[in-house]
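Only one structure is covered here, and it is reproduced in the block below.
Protein chains: 4
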Amino acid sequence: MKNRTLYSRTEMLNMNIQTLKERTVTVKEIAKIAFDQQSKWTSDVSMQTCIDSVEKILSLRDAFHIIQLGAEIDRLTDEGKIKEPLLSILNQDLGMFGIDELFGLELGGLYGTIGKTNFGDIDVNKPDVIERLNSVGKKEGGMCHTFLDDIVGAIAAAASTRVAQITNEIEAKKDPNIEEIKLDLDL
Amino acid sequence: MKNRTLYSRTEMLNMNIQTLKERTVTVKEIAKIAFDQQSKWTSDVSMQTCIDSVEKILSLRDAFHIIQLGAEIDRLTDEGKIKEPLLSILNQDLGMFGIDELFGLELGGLYGTIGKTNFGDIDVNKPDVIERLNSVGKKEGGMCHTFLDDIVGAIAAAASTRVAQITNEIEAKKDPNIEEIKLDLDL
Amino acid sequence: MKNRTLYSRTEMLNMNIQTLKERTVTVKEIAKIAFDQQSKWTSDVSMQTCIDSVEKILSLRDAFHIIQLGAEIDRLTDEGKIKEPLLSILNQDLGMFGIDELFGLELGGLYGTIGKTNFGDIDVNKPDVIERLNSVGKKEGGMCHTFLDDIVGAIAAAASTRVAQITNEIEAKKDPNIEEIKLDLDL
Amino acid sequence: MKNRTLYSRTEMLNMNIQTLKERTVTVKEIAKIAFDQQSKWTSDVSMQTCIDSVEKILSLRDAFHIIQLGAEIDRLTDEGKIKEPLLSILNQDLGMFGIDELFGLELGGLYGTIGKTNFGDIDVNKPDVIERLNSVGKKEGGMCHTFLDDIVGAIAAAASTRVAQITNEIEAKKDPNIEEIKLDLDL
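Chains as they are written, first to last, in the numbering used here: chain A, 1 to 187; chain B, 1 to 187; chain C, 1 to 187; chain D, 1 to 187.
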């Protein structure tokens with residue numbers, strides 16, 4: 001009998017939250033990055049919308065596959081299960097290794113191309129949790145976060161883009177009707 | 001006074017339908033491609049879900065920008081407003097010119113990476129409306145469809161991916177509750 | 001002491017050839033796909049240019065990282081070292097899993113966007129070695145090729161694009177001078 | 001008789017330099033960004049390698065198409081030849097409009113994925129000429145640079161990546177032989 005490979009969005013959300021927790025990251029930390037990024041543009045952002053957006057993204061199938069595979073590669077690197085020379089490349093997070101960024105760009109773009117630029121911003125400026133993951137990953141004996149720092153940055157970038165889409169949708173309407181907006185905003 | 005640049009999803013949907021119509025394409029024709037593509041995998045696809053999916057995609061901001069700019073480049077090519085040597089490259093749809101495919105891959109991927117492969121399939125096999133646009137575009141004096149054939153294929157590819165996501169969501173649930181699925185499926 | 005993570009192009013080429021061999025694939029098989037794809041457009045393609053192009057691509061740093069990581073994920077899947085539910089998703093090559101295609105699109109595009117469409121063609125039509133990898137991968141107890149079939153198709157697609165660039169370069173010159181073309185063609 | 005659509009690499013290089021000049025940008029300015037970006041990592045970068053790298057990129061077919069189309073869209077926007085509402089979106093460089101970044105990511109990645117992150121860095125920090133283009137573009141009556149600022153940043157990002165590849169290639173060789181490296185480095 002074959003194992004199940006398809007999961008509902010609620011199941012994927014829960015497994016993603018669990019995996020992030022095992023790699024030391026919370027939904028709230030990710031939402032905080034999205035909040036700070038959008039707060040540069042408008043004062044109308046609520047932390048709750050950011051949390052909702054992060055959870056929305058964590059329920060998407062593509063996000064599920066990227067998070068699960070990325071975290072698994074980091075774990076297998078921690079445990080030395082990967083062959084050389086790849087093991088050293090991953091352990092040292094070689095600057096010219098770009099597959100973690102490839103994951104980040106794809107995940108960051110799930111709510112539109114602008115999410116890829118938002119990811120670039122986070123990747124360069126390394127706010128909060130990203131800086132923490134990055135420095136733990138670089139420490140001798142620290143958990144490997146070669147993929148996770150990019151994945152977490154990308155979730156924040158996509159959430160940030162979703163928040164911007166919501167803000168724009170509200171702005172675009174002359175007489176905004178909350179009910180109508182809600183329906184309007186599901187992708 | 002600056003003109004408005006932000007539009008609601010309903011406005012974008014309506015402008016996109018209008019633009020496609022001016023370039024001779026209907027929502028139903030696009031939905032038909034998605035329907036045929038998904039019907040290879042399952043018999044549970046309804047034409048209405050395909051039409052809904054096409055309309056959903058036509059209401060997205062990224063789709064709006066890609067469709068409006070792509071159709072405008074085709075129109076400016078028709079009217080000879082573009083400088084040489086670009087005009088001839090666009091008019092003859094040079095095989096090595098890849099920006100139309102770049103538009104297609106980005107638009108096709110709006111519901112996940114698999115949409116980019118779905119776009120590749122449509123791009124190679126040129127079903128129905130794609131073949132028509134392609135052959136009109138190649139005819140001396142015919143409307144230029146260098147961008148439009150890829151854009152239409154990509155809308156179908158993204159719609160097809162959305163339909164697959166819905167099918168999977170239903171399959172993933174033991175006891176599917178339509179109401180819950182609906183809420184679950186908004187991106 | 002840290003292990004080396006940077007390799008010369010000759011070293012990367014040799015390691016890639018070795019890895020492909022361990023996963024049952026030869027340079028010549030890949031070159032054959034590129035040859036057949038370009039032969040549809042022109043009769044001026046030589047098998048030697050296709051082999052040279054495949055070897056060129058196998059010496060690129062991004063190709064090295066994608067091939068090494070992709071083959072390693074397949075190997076770890078074979079050995080059951082990956083956690084559930086990811087292990088079953090990879091073992092059964094779930095249709096909605098798109099990271100292998102993400103690898104393929106990035107690798108296929110190393111000589112230009114058209115390589116991504118060439119990859120789409122190969123992905124859909126599954127010529128020769130791709131069909132073999134695909135059917136072995138689907139067999140109970142067969143080697144897992146969830147990543148490898150896309151990677152091999154993408155190497156062929158990039159090689160095919162390089163061949164097209166060379167053909168175009170020769171065509172573009174009124175009085176082609178081989179020496180000059182050679183210099184002209186290095187990227 | 002059909003116009004020519006295929007050009008040699010020398011022709012494309014010359015047309016690109018001419019187009020950049022018409023839009024007020026020089027090769028040297030672009031090379032300067034690549035130089036500054038790589039100088040953060042190593043002191044072994046020469047300005048000449050950066051200039052060579054920019055010229056290499058300007059001779060590539062994909063770069064040619066992206067530069068020519070991007071500059072042409074900016075010019076048509078300047079002249080008001082584009083239909084509303086697209087004209088206002090382009091004129092005001094709407095934050096949610098992402099096709100210019102799509103061009104930038106594709107062009108920036110021509111020497112590997114890391115070029116896309118390099119592009120993200122330039123896009124966020126807006127060094128030198130990028131800042132100038134950006135502020136001219138935002139001025140009432142100034143030339144439109146909605147596409148050009150991203151294109152120029154992306155050329156610099158790809159050049160920067162090529163310089164890194166060269167540096168790595170030299171580092172990877174125990175006893176570097178300049179002649180051999182030269183041959184080794186053509187893509």
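We put the CB at the ideal spot given by N, CA and C, even for glycine.
Check: If we cut at 9 Å on Cβ distances, does residue 18 of chain C have a partner in chain D?; Outcome: no
Check: Just to confirm, is the Cβ distance from residue 67 of chain A to residue 155 of chain A under 9 Å?; Outcome: yes
Check: Relative to the C-alpha of residue 55 of chain B, which residue among B:73, B:85, B:23, B:18 is closest?; Outcome: B:18
Check: Tell me, to the nearest whole angstrom, how far the beta carbon of residue 132 of chain C is from that of residue 71 of chain C; I am working on the premise that it is less than 8 Å.; Outcome: About 16 Å separates the two Cβ atoms, so there is no contact after all.
Check: Excluding the 5 residues preceding and the 5 following residue 235 of chain B in the sequence, name in chain order all residues of the same chain whose CB lies nearer than 7 Å to its CB.; Outcome: An answer regarding residue 235 of chain B cannot be provided, because it is not within the stretch 1 to 187 covered by chain B.
Check: Enumerate in chain order the residues of its own chain whose CB-to-CB distance from residue 149 of chain B is below 6 Å, with the five nearest sequence positions on each side excluded.; Outcome: 130, 133, 134
Check: Which of the three DSSP states, helix, strand or coil, is assigned to residue 147 of chain C?; Outcome: coil
Check: Express the C-alpha separation of residue 166 of chain A and residue 160 of chain A in angstroms, rounding to a whole number.; Outcome: 10 Å
Check: Helix, strand or coil, according to DSSP, for residue 27 of chain B in the structure here?; Outcome: helix
Check: For the alpha helix (DSSP H) that contains residue 67 of chain B, what are its first and last residues?; Outcome: 61-78
Check: Hey, out of B:75, B:116, B:94, whose CA is closest to residue 82 of chain D's CA?; Outcome: B:75
Check: Could you name the residues of chain C that residue 123 of chain B contacts, counting a contact when the two beta carbons are closer than 7 Å?; Outcome: 117, 120
Check: Tell me, to the nearest whole angstrom, how far the beta carbon of residue 107 of chain A is from that of residue 158 of chain A; I am working on the premise that it is less than 8 Å.; Outcome: 6 Å
Check: Would you say residue 14 of chain D lies against chain C (beta-carbon separation less than 9 Å)?; Outcome: no
Check: Once DSSP output is grouped into helix, strand and coil, what is the label at residue 44 of chain C?; Outcome: coil
Check: When the Cα atoms are used, what is the spatial distance from residue 86 of chain D to residue 69 of chain B?; Outcome: 7 Å
Check: Do residue 162 of chain A and residue 53 of chain A have their C-beta atoms closer together than 9 Å?; Outcome: yes
Check: Compute the Euclidean distance between the alpha carbons of residue 34 of chain D and residue 94 of chain A, then round it to the nearest angstrom.; Outcome: 20 Å
Check: Tell me the residue span of the alpha helix (DSSP H) that contains residue 138 of chain D.; Outcome: 128-138
Check: Which word fits residue 117 of chain B, buried or exposed, when buried means at least 16 other C-beta atoms lie within 10 angstroms of its C-beta?; Outcome: buried
Check: Output, in chain order, the set of chain A residues within a Cβ distance shorter than 7 Å of residue 6 of chain B.; Outcome: 168, 171, 172
Check: Just the C-alpha distance for residue 65 of chain D and residue 97 of chain B, rounded to the nearest angstrom, thanks.; Outcome: 7 Å
Check: Indicate the three-state DSSP secondary structure (helix, strand or coil) for residue 5 of chain A in the structure shown.; Outcome: coil
Check: Count the other CB atoms, across all protein chains shown, that sit within 10 Å of the CB of residue 16 of chain B; report buried if there are 16 or more and exposed otherwise.; Outcome: buried
Check: Work out the CA separation of residue 123 of chain C and residue 42 of chain C for me, nearest whole Å.; Outcome: 22 Å
Check: Among the residues of its own chain, which have a CB less than 6 Å from the CB of residue 115 of chain B, if the five just before and after it don't count?; Outcome: 108, 109, 157, 158, 161
Check: Cα-Cα, which of D:73, D:92, D:20 is closest to residue 138 of chain D?; Outcome: D:92
Check: Find the residues of chain B that neighbour residue 112 of chain A, judging by a C-beta separation of less than 7 Å, and give them in chain order.; Outcome: 61, 62
Check: Following the continuous alpha helix (DSSP H) through residue 106 of chain D, name the residue where it begins and the one where it ends.; Outcome: 99-108
Check: Do you know how far the Cα of residue 62 of chain B is from the Cα of residue 29 of chain A?; Outcome: 28 Å
Check: For the stretch 146-165 of chain D, enumerate the residues whose C-beta is nearer than 8 Å to any C-beta of chain A, in chain order.; Outcome: 164, 165
Check: When the cut-off is 9 Å and only beta carbons count, does residue 106 of chain C lie next to chain D?; Outcome: yes
Check: Determine the contact status of residue 90 of chain A and residue 5 of chain A, defining contact as a CB-CB distance below 9 Å.; Outcome: no
Check: How many whole angstroms separate the CB atoms of residue 38 of chain A and residue 164 of chain A, which I take to be in contact at a CB cut-off of 8 Å?; Outcome: 6 Å
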